[in-house]
Amino acid sequence: MSLAEERTQTGDDSRLAQSAAHVKRNRRAYLLIAPAAVFLVAVVGYPILETFRLSLYRSPADSTIETFVGLQHYVDIFNSDIFYRLLWQTGRWVAVGVAGKTLLGLLIAVHLKGDIRGRKFFRTAFLIPWGIPYAISAVVFRWIEHPQFGYLNAILLKLGVIEQGIGILGNPDIAWLGVVVADIWIGTPFMAIIFLAGLQSIPQDLYEAAAIDGAERWHQFRYITLPQLKSVILMATLLSTIWTFVSFDVIWTMTGGGPISTTATLVIHIYQVGLQNGNLGLGAAYSVIGFLLLLLFAVVYLRVYTRGGEEL
Amino acid sequence: MWAQLVAMMRENTTEEASGQTLDRRRLLQALGAGGMIAVAGCTGGGDGSESGSDGEGSGESGDDTQSVQLLTMGVGDNIKQFFEENNAAFESEYDVDVEFTSVTWDNARQTVNNRVDGGQAPDVSRWPARWIPQLVGKDALEPVDDLMDGEFGEKFAEGVANGTMYNGSHYGVPWAASNKCLYYNKDAFEAAGLDPETPALDTWEDMLAAAKALTESDEVNIPALGLAGADAIETGSQYYHYHWSHGADLVDDEGMPVVNSDGAVEALSFYTDLHLEHGVTQSSPLSSTRQDIRQLFENGDLGMVIGHVYTGLNITESQENGEVDFDYGIVQVPEGPAGRYSLFTIDTLGIFSQSEHKDVARDLIRFYFDEERRFQYSKQKGFLPVVEAVGEREYFSESKNWGPFVEAGQYARARPKLSNFSQFNDRMVQAIQEALADQKSPQKALNDAQSDLEDAMN
Numbered sequence: 001m002s003l004a005e006e007r008t009q010t011g012d013d014s015r016l017a018q019s020a021a022h023v024k025r026n027r028r029a030y031l032l033i034a035p036a037a038v039f040l041v042a043v044v045g046y047p048i049l050e051t052f053r054l055s056l057y058r059s060p061a062d063s064t065i066e067t068f069v070g071l072q073h074y075v076d077i078f079n080s081d082i083f084y085r086l087l088w089q090t091g092r093w094v095a096v097g098v099a100g101k102t103l104l105g106l107l108i109a110v111h112l113k114g115d116i117r118g119r120k121f122f123r124t125a126f127l128i129p130w131g132i133p134y135a136i137s138a139v140v141f142r143w144i145e146h147p148q149f150g151y152l153n154a155i156l157l158k159l160g161v162i163e164q165g166i167g168i169l170g171n172p173d174i175a176w177l178g179v180v181v182a183d184i185w186i187g188t189p190f191m192a193i194i195f196l197a198g199l200q201s202i203p204q205d206l207y208e209a210a211a212i213d214g215a216e217r218w219h220q221f222r223y224i225t226l227p228q229l230k231s232v233i234l235m236a237t238l239l240s241t242i243w244t245f246v247s248f249d250v251i252w253t254m255t256g257g258g259p260i261s262t263t264a265t266l267v268i269h270i271y272q273v274g275l276q277n278g279n280l281g282l283g284a285a286y287s288v289i290g291f292l293l294l295l296l297f298a299v300v301y302l303r304v305y306t307r308g309g310e311e312l
Numbered sequence: 001m002w003a004q005l006v007a008m009m010r011e012n013t014t015e016e017a018s019g020q021t022l023d024r025r026r027l028l029q030a031l032g033a034g035g036m037i038a039v040a041g042c043t044g045g046g047d048g049s050e051s052g053s054d055g056e057g058s059g060e061s062g063d064d065t066q067s068v069q070l071l072t073m074g075v076g077d078n079i080k081q082f083f084e085e086n087n088a089a090f091e092s093e094y095d096v097d098v099e100f101t102s103v104t105w106d107n108a109r110q111t112v113n114n115r116v117d118g119g120q121a122p123d124v125s126r127w128p129a130r131w132i133p134q135l136v137g138k139d140a141l142e143p144v145d146d147l148m149d150g151e152f153g154e155k156f157a158e159g160v161a162n163g164t165m166y167n168g169s170h171y172g173v174p175w176a177a178s179n180k181c182l183y184y185n186k187d188a189f190e191a192a193g194l195d196p197e198t199p200a201l202d203t204w205e206d207m208l209a210a211a212k213a214l215t216e217s218d219e220v221n222i223p224a225l226g227l228a229g230a231d232a233i234e235t236g237s238q239y240y241h242y243h244w245s246h247g248a249d250l251v252d253d254e255g256m257p258v259v260n261s262d263g264a265v266e267a268l269s270f271y272t273d274l275h276l277e278h279g280v281t282q283s284s285p286l287s288s289t290r291q292d293i294r295q296l297f298e299n300g301d302l303g304m305v306i307g308h309v310y311t312g313l314n315i316t317e318s319q320e321n322g323e324v325d326f327d328y329g330i331v332q333v334p335e336g337p338a339g340r341y342s343l344f345t346i347d348t349l350g351i352f353s354q355s356e357h358k359d360v361a362r363d364l365i366r367f368y369f370d371e372e373r374r375f376q377y378s379k380q381k382g383f384l385p386v387v388e389a390v391g392e393r394e395y396f397s398e399s400k401n402w403g404p405f406v407e408a409g410q411y412a413r414a415r416p417k418l419s420n421f422s423q424f425n426d427r428m429v430q431a432i433q434e435a436l437a438d439q440k441s442p443q444k445a446l447n448d449a450q451s452d453l454e455d456a457m458n
C-alpha cells in the first residue's frame with residue numbers, strides 16, 4: 001500500500017469512526033425523527049420511485065395490463081413538437097410570472113418599509129391575495145376577464161375604449177397573459193413579505209453612512225439594498241420559480257390549458273395525458289422530465305449566483 | 001416573524017462560511033422535495049377533495065348494518081332533495097346504509113377511475129354510456145343482463161336499452177337521457193321583423209339568414225347566435241350537430257377516425273364562418289363554453305342557442321320568479337344537407353365488479369326505477385324520461401318545454417362508444433378552436449386532427 005493510499009485509508013477509517021460516534025451521541029435524536037423519516041419515505045419516496053417505474057411502462061386507460069416499453073415514452077416525447085412547445089410555454093409562464101412577482105414584491109416591500117400612513121393596514125391588506133385559495137382567485141379573474149359578463153370589458157365598453165367585449169382568455173395570442181396576471185396577483189404578497197423582512201434586517205447605519213457620503217436614494221438602493229438583499233432575493237425567486245413551475249390550479253381553473261393548448265404548461269399536460277386520458281406511463285415520463293428540468297435549473301441557478309464563493 | 005426568519009437565514013449564511021457544499025446540498029434536497037410535486041403529480045391521487053370520501057370502501061358499518069355506496073355526478077340544488085329523500089326511504093325500507101357521494105362532471109371520470117384503480121370502486125355509480133368501453137376494458141363493470149333481459153328491462157324503449165350495451169352485454173341500466181333543440185328569443189325575432197311564432201329555422205341556411213337579420217336590425221342589440229368554442233368537452237358536443245348533418249362521421253365501422261371528410265370540412269367551414277365571416281355570434285366564441293352561451297340565452301341576452309330541455313325549465317322558473325321577462329320558442333336543431341341530428345346522450349347506472357354488495361346494489365337500482373321516482377327525477381332534473389311509461393305521461397306531451405324534445409327523439413344520434421373518447425373529443429375541440437381562431441383552415445385543422453387521431457388509435 002502506498003503512502004497516499006495509506007493516508008486515504010486512515011482518513012476513511014477516521015471519518016467512519018467520527019460518523020459512528022456522531023450517531024451514537026445523537027441516537028435519541030435519530031430515534032425521534034425516525035417515524036417522520038419513515039412517513040416521508042412512504043408518502044414522498046414511494047410515489048417518486050413509482051413514477052420513475054411507471055414511465056417505463058405503457059398502461060392504457062382501458063386496460064389493467066402494463067407493458068414494459070423501456071425508454072420509448074422518452075423517445076416519443078423528445079421527438080414530438082408538443083414537448084418543445086410546452087417547454088416554451090412553461091418557460092414563458094415561469095419567467096414572466098416570477099419576474100412580475102419579484103419586481104412588484106420588491107416595489108411594495110420598499111414602500112411598506114418607509115414611514116407611510118396606514119402602514120399596518122397596507123401590510124395586512126397586501127397579504128389578502130395570498131390568503132385566498134388559488135382556485136377562488138382564478139375564478140374571480142376568469143370572471144373579470146369574461147367577454148360578456150366581466151368587469152374589465154364592462155369598464156372598457158363604458159369608457160368607449162372598445163366596441164364589443166374582448167375575450168382575453170379565448171385569444172390564443174394573449175390568453176397566457178390573462179392567466180399570468182392572475183398568478184402575479186396571487187404570488188406577489190409572498191414576495192413582498194419576504195423582501196420586507198429582508199429589508200428590515202439591513203442595518204440602518206449603512207444608509208446613514210451612505211447619506212453622509214452624499215449617496216442619493218437610487219444609489220442607496222442600488223449599492224446597499226440590492227446587495228444586502230441578494231441572498232433573500234435568490235431564495236425567494238428560487239421558491240417562486242418552483243411553485244410557479246408546478247402551479248396547476250390557476251391555469252386549470254381559468255383556461256383548462258386552452259385555447260388551442262396555448263396556456264398549457266408541462267404540469268397541465270401531465271394532468272391531461274396521465275389522468276384525463278388515462279395514459280399513466282406517458283404522463284409519468286413527462287413528470288420525470290419536469291422533475292429533472294427543475295433540478296437542473298436549481299443547480300445552474302445556484303452555481304451562477306454563488307460564483308466567486310458567495311454563500312446563500 | 002418573517003424578519004426574524006430572514007435574519008436567521010442571513011446569520012447562518014455568514015456563520016457557515018466553510019460549509020458551502022453542504023448548504024447547496026441541503027438546498028437541493030429541499031428543492032428536490034419541491035420538484036417532486038411535479039413527479040408525484042402523476043401517480044394517482046387526483047382530486048384531493050374526493051380522496052377523503054374514497055377511503056372507507058363499501059362494507060359493513062360498525063353496527064352490522066349493510067351499506068351500499070352510490071356515486072353520482074352533477075347533483076345541483078334542483079335534485080339534491082330528491083336523492084336525500086329517496087336514499088333515506090331506501091335505508092328505511094331495506095335496513096341498509098346508503099353512502100351517497102356526488103362529484104362534479106369535471107372530476108367524474110378521474111374520480112371513478114381512481115377508485116377503481118385503488119380497489120375502492122363504489123357499489124353503484126352513474127356513468128355515461130359512451131365511457132362504458134373504458135371501464136369494461138378494465139373489467140371494472142358488472143354485466144346486468146339479468147336485470148335488463150328480464151321484466152325490469154321491459155320498462156325501457158328498445159333504443160334506450162340498447163344504449164347501455166357493449167360487446168353484447170348490458171353494462172348498466174339507462175339512468176338519464178338528454179337531447180338538444182334550438183331555442184330562439186321570440187322578442188328579438190319580432191323586433192327584427194321575423195315571424196316569432198313559426199320562424200323559418202328549418203335548415204342551417206335558414207338559421208344563418210335569421211341570425212343575419214337579427215344582427216343587422218337596429219332594434220336588436222343582442223348577439224344573434226351562441227357558438228361554443230372554449231377548451232371544453234361540450235364544444236365538441238355543440239359542433240357535432242353541424243358535423244353529422246353534413247354527412248360526416250367521427251369514426252368508421254371499425255372504430256377508426258374519419259373526421260376530415262368533405263362533409264366534415266363543409267361543416268367546420270360553416271361553423272367557423274358564422275363567427276369569422278358573418279359575425280353573427282357572441283364576441284369571442286373561443287372564450288365561451290356551452291354553459292356560457294346557455295346562460296346568455298337564459299338571461300335574454302342572445303338570439304338563438306342549441307340547448308337541453310332544462311334551458312327552457314330554467315327560463316320558465318326565472319319568469320315565474322320575475323327575474324327575466326322575455327318569450328322564447330323551441331324548434332328542432334336545423335337540418336343540413338345530409339339530415340337533421342340531435343345529440344343524444346345516455347347515462348347509465350352501473351354496478352362495479354369490485355362491489356361486495358351486488359344484491360343490495362340491484363335492490364337500489366330497482367328502487368330508483370319506481371315509475372313515480374323516475375317521473376320526479378325527469379321533471380326536477382330536466383332529463384328525458386328513460387322509462388317508457390313515464391314518457392307517456394301527459395306532463396311531457398303537453399309541456400311547451402318538453403314537447404319539442406320528445407319529438408326530437410327521432411333525430412337522436414349518440415357519440416361513438418370509444419375507450420379513449422375523451423382524448424378523441426379533446427383533439428376535435430382543438431381542431432374546432434384552430435379553425436375558429438383562424439390559425440388553420442378547416443381542411444388543415446381536420447387533416448391534422450385526423451392524422452393525430454390515427455396515430456393515437458393505432
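Read top to bottom, the protein sequences are chains A and B. The numbers in our numbering rise by one with no breaks, and the one at position 158 of the first sequence is 158. The numbers in our numbering rise by one with no breaks, and the one at position 145 of the second sequence is 145. Glycine included, each C-beta is placed from N, C-alpha and C at the ideal position.
Between A/Ile251, A/Met235, A/Phe195 and A/Ser240, which lies nearest to serine 306 of chain A when the distance is taken from Cα to Cα? The sequence shown places threonine at residue 306 of chain A, rather than the serine named in the question. For the residues A/Ile251, A/Met235, A/Phe195 and A/Ser240, the minimum Cα distance to threonine 306 of chain A belongs to A/Met235.
With three or more C-beta pairs closer than 8 Å as the rule, is the region 329-336 of chain B touching the region 240-252 of chain B? Because the criterion of three Cβ pairs below 8 Å is met, the region 240-252 of chain B and the region 329-336 of chain B touch.
Note down, one range per segment and in chain order, each alpha helix (DSSP H) of at least 4 residues found wholly within the region 127-204 of chain B. 132-137, 145-148, 158-162 and 186-191
Look at the alpha carbon of proline 387 of chain A and the alpha carbon of serine 284 of chain B, and state the distance between them as a whole number of angstroms. The structure shown has nothing for residue 387 of chain A, since chain A only spans 1 to 312.
Do you know how far the Cα of glutamine 354 of chain B is from the Cα of glycine 119 of chain B? 7 Å
Should the region 441-448 of chain B be regarded as contacting the region 253-261 of chain B, the criterion being three or more beta carbon pairs within less than 8 Å? yes
Looking only at its own chain, which residues have a Cβ that is under 8 Å from the Cβ of leucine 86 of chain A, when we skip the five neighbours before and after it? If we look at leucine 86 of chain A and ignore the five residues flanking it on each side, its Cβ neighbours are Ala264, Thr265, Leu266 and His269.
Give the interface partners of serine 80 of chain A over in chain B, defined as CB-CB distance under 9 Å, in chain order. The premise fails here: serine 80 of chain A is roughly 10 Å from chain B at the closest Cβ pair, so nothing lies under 9 Å.
How would you list, in chain order, the residues of chain B whose beta-carbon sits under 8 Å from the beta-carbon of threonine 255 of chain A? Asp231
Between which two residues does the beta strand (DSSP E) carrying glycine 329 of chain B extend? 328-331
Going by DSSP in three states, aspartate 347 of chain B sits in which element: helix, strand or coil? strand
When DSSP labels each residue in this structure, what does isoleucine 306 of chain B get in the three-state scheme? Isoleucine 306 of chain B falls in the strand class under three-state DSSP.
Which partner residues does phenylalanine 68 of chain A have in the DSSP bridge list? A/Tyr57
Tell me, which residues are paired with alanine 412 of chain B by DSSP? The bridge partners DSSP lists for alanine 412 of chain B are B/Ser342.
C-alpha gap between glutamine 291 of chain B and glutamate 392 of chain B, whole angstroms: 30 Å
Which stretch, first to last residue, makes up the beta strand (DSSP E) that contains serine 519 of chain B? The requested residue 519 of chain B is not part of the displayed model; chain B covers only 1 to 458.
Would the region 400-409 of chain B count as touching the region 203-212 of chain B if we require 3 or more Cβ pairs under 8 Å? no
Enclosing alpha helix (DSSP H) for serine 422 of chain B [first to last residue]: First-last of the alpha helix (DSSP H) with serine 422 of chain B: 421-436.
Three-state secondary structure assigned by DSSP to proline 442 of chain B: helix
Should proline 189 of chain A be labelled buried (16 or more other beta-carbon atoms within 10 Å of its own) or exposed? buried
Of the residues B/Tyr271, B/Glu99, B/Ser342 and B/Asp117, the one placed nearest alanine 414 of chain B, counting alpha carbons only: The option with the nearest alpha carbon to alanine 414 of chain B is B/Ser342.
7 Å Cβ cut-off: residues of chain B touching proline 147 of chain A: Those are Ser283, Ser284 and Ser287, listed as they occur along chain B.
Within 10 angstroms of its Cβ, does glycine 283 of chain A collect 16 or more other Cβ (buried), or is it exposed? buried
Which chain D residues are close to leucine 169 of chain A, counting only those with a beta carbon under 9 Å from its beta carbon? Absent here is chain D; the protein component of the structure consists of chains A and B.
Got a sec: is the Cβ-Cβ distance from glutamine 18 of chain A to anything in chain B below 9 Å? no
Note down the Cα distance separating serine 240 of chain A from glycine 339 of chain B, rounded to an integer number of angstroms. Whole-angstrom Cα-Cα distance: 55 Å.
Rounded straight-line distance, which links the Cα of proline 172 of chain A to that of isoleucine 75 of chain A: For the record, residue 75 of chain A in the displayed sequence is valine; it is not isoleucine. Whole-angstrom Cα-Cα distance: 29 Å.
Between the beta-carbon of glutamine 282 of chain B and the beta-carbon of leucine 225 of chain B, is there less than 9 Å? yes
Is any beta-carbon of chain B found at less than 9 Å from that of glycine 70 of chain A? Glycine 70 of chain A has a beta carbon lying at 9 Å or more from every beta carbon in chain B.
Alanine 125 of chain A to leucine 436 of chain B span [Cα, whole Å]: 42 Å
Assumed close pair glycine 312 of chain B, isoleucine 293 of chain B - CB separation to whole angstroms, cut-off 8 Å: Rounded, the Cβ-Cβ distance is 15 Å, inconsistent with contact.
Applying the criterion that 16 or more other CB atoms from any shown protein chain within 10 Å of the CB defines a buried residue, is alanine 298 of chain A buried or exposed? buried
Quick check: the Cα distance between glutamate 388 of chain B and leucine 302 of chain B, rounded to an integer number of angstroms? Approximately 35 Å, taken between the alpha carbons.
Establish whether the CB of leucine 70 of chain B and some CB of chain A are separated by less than 9 Å. No - not a single Cβ of chain A is within 9 Å of the one on leucine 70 of chain B.
Are the Cβ atoms of proline 416 of chain B and glycine 236 of chain B separated by less than 9 Å? Taking 9 Å as the Cβ cut-off, proline 416 of chain B and glycine 236 of chain B do not qualify as a contacting pair.
Could you work out which residues of chain A lie near glutamine 423 of chain B, taking near to mean beta carbons separated by less than 7 Å? Asn277
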